[in-house]
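Q:
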Amino acid sequence: MSIILTYQLDEEDIRHGIPEATILFIFGASGDLTRRKLMPALYHLARESLLPEKFKIIGIGRRIQTTPDFIRHMKHRVIQYCSHKMEARYWMTMANNMESLIADYHEEDTYQMILKKIETIEDSWDEKANCLIYLATNPSHFSVIVSNLSEFKLNLPRGNKWNRLIVEKPFGLNELSAINLNKVIGKYYNENQIYRIDHFLGKEAIQNILIFRLFNIMFQPIWNSKYIDHIQILNSETIGVEGRVEFFEQTGAVRDMIQSHLLQILAFLTIEPPTNLDPENIRDKKVDLLNAIRVYKTNEEIERNCIRGQYEQGVVNSELVKKYRDEIGVPKDSNIETFAVVRLFIDNERWKGMPIYLRTGKRMPKRKTEIFIQFKDTSEEFENRKLNKNSIRLEIQPKGGIEINIGWKPPGIMSDIEPLTLNIDGEAKIKEPKAYERLIADAMRGDSTLFVRMDEILSMWRIVDPIIAYWEKRKADFPNYFAGTKGPRQSKEFIRKDGREWTKI
Ligand code: BG6
Numbered sequence: 091m092s093i094i095l096t097y098q099l100d101e102e103d104i105r106h107g108i109p110e111a112t113i114l115f116i117f118g119a120s121g122d123l124t125r126r127k128l129m130p131a132l133y134h135l136a137r138e139s140l141l142p143e144k145f146k147i148i149g150i151g152r153r154i155q156t157t158p159d160f161i162r163h164m165k166h167r168v169i170q171y172c173s174h175k176m177e178a179r180y181w182m183t184m185a186n187n188m189e190s191l192i193a194d195y196h197e198e199d200t201y202q203m204i205l206k207k208i209e210t211i212e213d214s215w216d217e218k219a220n221c222l223i224y225l226a227t228n229p230s231h232f233s234v235i236v237s238n239l240s241e242f243k244l245n246l247p248r249g250n251k252w253n254r255l256i257v258e259k260p261f262g263l264n265e266l267s268a269i270n271l272n273k274v275i276g277k278y279y280n281e282n283q284i285y286r287i288d289h290f291l292g293k294e295a296i297q298n299i300l301i302f303r304l305f306n307i308m309f310q311p312i313w314n315s316k317y318i319d320h321i322q323i324l325n326s327e328t329i330g331v332e333g334r335v336e337f338f339e340q341t342g343a344v345r346d347m348i349q350s351h352l353l354q355i356l357a358f359l360t361i362e363p364p365t366n367l368d369p370e371n372i373r374d375k376k377v378d379l380l381n382a383i384r385v386y387k388t389n390e391e392i393e394r395n396c397i398r399g400q401y402e403q404g405v406v407n408s409e410l411v412k413k414y415r416d417e418i419g420v421p422k423d424s425n426i427e428t429f430a431v432v433r434l435f436i437d438n439e440r441w442k443g444m445p446i447y448l449r450t451g452k453r454m455p456k457r458k459t460e461i462f463i464q465f466k467d468t469s470e471e472f473e474n475r476k477l478n479k480n481s482i483r484l485e486i487q488p489k490g491g492i493e494i495n496i497g498w499k500p501p502g503i504m505s506d507i508e509p510l511t512l513n514i515d516g517e518a519k520i521k522e523p524k525a526y527e528r529l530i531a532d533a534m535r536g537d538s539t540l541f542v543r544m545d546e547i548l549s550m551w552r553i554v555d556p557i558i559a560y561w562e563k564r565k566a567d568f569p570n571y572f573a574g575t576k577g578p579r580q581s582k583e584f585i586r587k588d589g590r591e592w593t594k595i
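Just so you know, the sequence shown maps onto residues 91 to 595 in the numbering used here.
So this is what it looks like as structure tokens:
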């Protein structure tokens, strides 16, 4: 039987607290993130009347087009990436308030122009403006932008208004650079002005993980390694690097997906039950958990627990796609991984000895993010029948459903127990940019609940840093999987050696 699960933004709650007279500056407005995620999210906010009436979007970039071309281009992207048919009246409320600024992040003139722009807008509004600054550039520009903003006092609130900074992930490229970046930002911004984004935390299905495991008595007592055999967290994408070569060559799959999104999912799944759902309390628990994850110190441990891959040309969604090394701008001998598997262990009482497999890849056969929880195969027998192997599948996307596998006697004369799948379907119509929509609205409302605290970021870097450092020093035998397949052959063998199987993609 299927039940439909719908996720709805509580628009009333969100609308409450969105302030008037706000300017959103997007640094990196000519990039992929802006067109694929931020603009569709802003359009949805416009559509749901969640944007302030006095609102401006200023896109800043080195390669950005002039305002009319920028607006035209963004319109096409919103049409392409929104699940709703675009409605002109909503688009116009946004487009009429959009501008572009062709500017170099390193030049003083840029910040002079921003200041002028704010003053002109304030004059026309006849009041001071709230400023929300979104750093969506390549992370290597973050420090320069922040220092330059402060030179022109663009980090300070204007009058009684606020000034906030959203910083895209990855925050730094390793633990040390994250500490340094945080020092630079911390010099000019108070902690309550900084919003470190991990857009997966804006996804409803991820927010639901805690509720699912903590507020259901039937799962709570068995949520440990005594009953759970292993957990898999999968992120499979059909897209490649989408013109983000410069970014991806600095990051790779582990920095891009595991250090942030997948470790956050893992934390929600495995933290100790908090005494209440206060965000700081949950963050404390997440840090405790992340600090309990075993860090691989030796090359042998990394070799034994991690696998990397890079895609060869292949067919995805019936289309022939080129290999990673043939993407414009990728060096012919690129050592960057587009696929990774990392097997982790949490060294605490609850999760002692139980493996957690994180798996992520680009150019895979299907888009899917899911959690798979396999319960133990009990060796006990009941009337000569083996007990069924239970499992739970929590789909994060595209639909966000739940699947529970139980043992069942099929109708008829008493026979063997058969597995039965109970399905709770996710709402298929769930809107794509929902996560960003939610988080941008939260930042405007001053609610940092779904943003990441600095100590979480550092703990996550400590887990992945040795793996990345080890891989950077050693040339891999790439490419090693065809686009449109489930990753390199070693990945399949890897889990088989553990006597397990990957969850289906
Ligand atoms: C981003 C990564 O953070 O998340 C991208 O940089 C990835 O490489 C994206 O494609 C996946 O997010 P979503 O919401 O599209 O699943």
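Cβ atoms here follow ideal geometry from the backbone N, Cα and C, with glycine treated the same way.
For the beta strand (DSSP E) holding Ile192, just list the boundary residues, first then last.
A: From DSSP, the beta strand (DSSP E) with Ile192 extends over 188–192.
Q: Would the C-beta of Asp346 count as close to the ligand SAH, meaning under 6 Å from any of its heavy atoms?
A: Questions concerning the ligand SAH fall outside what the structure shown contains, since the ligands it does hold are the ligand BG6.
Q: Suppose you measure from the CA of Lys519 to the CA of Ser139; what does that come to, to the nearest Å?
A: With a pLDDT of only 48 at Lys519, under 50, the local geometry of the prediction cannot be trusted, and the value read off the model is given with reservation. In a straight line, the C-alpha of Lys519 is about 20 Å away from that of Ser139.
Q: Quick one: complete alpha helix (DSSP H) runs, 4+ long, within the segment 372–411?
A: You should have 389–395.
Q: Looking at the structure shown, is Val554 part of a helix, part of a strand, or coil, going by DSSP?
A: Residue state, collapsed to three classes: helix.
Q: Using 8 Å as the cut-off, can you tell me whether the segment 318–329 makes contact with the segment 434–444, which would need three or more C-beta pairs spanning the two stretches below that distance?
A: Touching, yes, given that three or more Cβ pairs across the two stretches are closer than 8 Å.
Q: Does DSSP put Asp532 in a helix, a strand or coil?
A: In this structure, Asp532 counts as helix in the three-state DSSP scheme.
Q: To test your reading of the DSSP string, which unbroken alpha helix (DSSP H) runs of 4 or more residues are found completely within the segment 167–227?
A: Complete alpha helix (DSSP H) runs here, min 4: 178–185, 198–215.
Q: Under 7 Å, do Ile108 and Tyr224 count as touching if we go by C-beta distance?
A: No, Cβ-Cβ distance for Ile108 and Tyr224 is not below 7 Å.
Q: For Glu522, name the three-state secondary structure that DSSP assigns.
A: Note that Glu522 scores 47 on pLDDT, short of 50, meaning its location in the model is unreliable; the coordinates nonetheless yield the value given after this. Note: Glu522 maps to coil in three-state DSSP.
Q: Using the beta-carbon count (16 or more within 10 Å), is Leu291 buried or exposed?
A: Counting Cβ neighbours within 10 Å, Leu291 comes out buried, since at least 16 surround it.
Q: Between Phe429 and Gly451, which are expected to be in contact by the criterion C-beta below 8 Å, what is the C-beta distance as a whole number of angstroms?
A: Phe429 to Gly451, Cβ: 4 Å. Contact.
Q: If Phe232 sits next to Leu205, beta carbons under 8 Å apart, how far is it from one beta carbon to the other, in whole angstroms?
A: Actually they do not touch by this definition, with Cβ atoms about 20 Å apart.
Q: If Ser190 sits next to Arg153, beta carbons under 8 Å apart, how far is it from one beta carbon to the other, in whole angstroms?
A: Ser190 to Arg153, Cβ: 11 Å. No contact.
Q: Excluding sequence positions up to five away, which residues of its chain have a Cβ less than 6 Å from the Cβ of Met188?
A: Closer than 6 Å at the Cβ level, and outside the excluded window around Met188, lie Ile147, Ile161.
Q: Going by C-alpha distance, which of Ile150, Pro363, Thr388 is nearest Ala226?
A: The residue with the shortest Cα to Cα distance from Ala226 is Ile150.
Q: Compare the Cα-Cα distances from Asn250 to each of Met164, Ile348, Thr124, Thr112 and report the closest residue.
A: Ranking the options by Cα distance to Asn250, first place goes to Thr112.
Q: Under the rule that 16 or more other beta-carbon atoms within 10 Å means buried, what is Thr459, buried or exposed?
A: Buried: at least 16 other Cβ atoms inside 10 Å.
Q: In or out: Ala573 buried (at least 16 other Cβ within 10 Å) or exposed?
A: Its Cβ being crowded by 16 or more others within 10 Å, Ala573 is buried.
Q: If Gly600 sits next to Lys489, beta carbons under 8 Å apart, how far is it from one beta carbon to the other, in whole angstroms?
A: No answer is possible for residue 600: it lies beyond the span of the chain, which begins at 91 and ends at 595.
Q: Do the segment 305–313 and the segment 272–292 make contact, defined as three or more Cβ pairs closer than 8 Å?
A: Judged by Cβ distances under 8 Å, the segment 305–313 makes no contact with the segment 272–292, as fewer than three pairs qualify.
Q: Could you check if Ile324 is buried or exposed, using at least 16 other CB atoms within 10 Å of its CB as the buried criterion?
A: At residue 324 the sequence reads Leu, which differs from the Ile that was named. Looking at its Cβ environment, which holds 16 or more other Cβ atoms inside 10 Å, Leu324 is buried.
Q: What's the call for His166, buried or exposed, on a 16-neighbour Cβ count within 10 Å?
A: His166 comes out exposed.
Q: Are Ile235 and Glu258 touching if we call contact CB-CB under 7 Å?
A: No; because the gap between Cβ atoms is not below 7 Å, this pair is not in contact.
Q: Do you know how far the Cα of Asp506 is from the Cα of Ile496?
A: Cα-Cα distance, rounded: 13 Å.
Q: Judging by CA-CA distance, which residue of Asn270, Gly491, Met550 is the nearest neighbour of Leu352?
A: It is Met550 whose Cα lies nearest to the Cα of Leu352.
Q: Report all residues from its chain with a CB closer than 8 Å to the CB of Thr183; omit the five preceding and five following residues, and keep chain order.
A: Hits under 8 Å: Ala136, Leu141.
Q: Could you pull the DSSP bridge partners for Glu485 from this structure?
A: Glu460.
Q: Pairing CB atoms from the segment 371–382 with CB atoms from the segment 574–591, are three or more of them under 8 Å?
A: The segment 371–382 is not in contact with the segment 574–591.
Q: What does DSSP give as the partner residue(s) for Glu493 in the beta ladder?
A: Arg483, Asn513.
Q: Given a threshold of 16 other Cβ atoms within 10 Å of its Cβ, counted over all protein chains shown, does Thr539 qualify as buried or as exposed?
A: Thr539 should be labelled exposed.
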